[in-house]
Amino acid sequence: RDVYKRQLLDIDYEAPYRFIIADSLPKEVMQSGSLVVERDGVNLCYIPYWLFLLIS
38 RDVYKRQLLD IDYEAPYRFI IADSLPKEVM QSGSLVVERD GVNLCYIPYW
88 LFLLIS
């Protein structure tokens, strides 16, 4: 098991999007009109909690 654990820790993966489930959206998201915001080179996709419940 330790061998597998070390192999998993060595993997460097950058996801194209990071999903954030929130009950209230940040001000910048509300002003932009888009649920996707780029911050520090990372695309953040905000998903309203009610939508998450609907699709899960």
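Numbering (this note's numbering), first residue to last: 38 to 93.
Here a beta-carbon is modelled for each residue, glycine too, at the ideal position from N, C-alpha and C.
- Task: Just mark Val73 as buried or exposed, buried being the case when its beta carbon has 16 or more other beta carbons within 10 Å.
- Result: exposed
- Message: Does Tyr83 come out as helix, strand or coil in the three-state DSSP assignment?
- Response: strand
- Query: Taking Cβ positions, are Tyr54 and Asn80 nearer each other than 7 Å?
  - Reply: yes
- Specify, as a first and last residue, the run of the alpha helix (DSSP H) that Glu65 falls within. Lys64 to Ser69
- Between the C-alpha atoms of Ile92 and Gly78, what's the straight-line distance to the nearest angstrom? 27 Å
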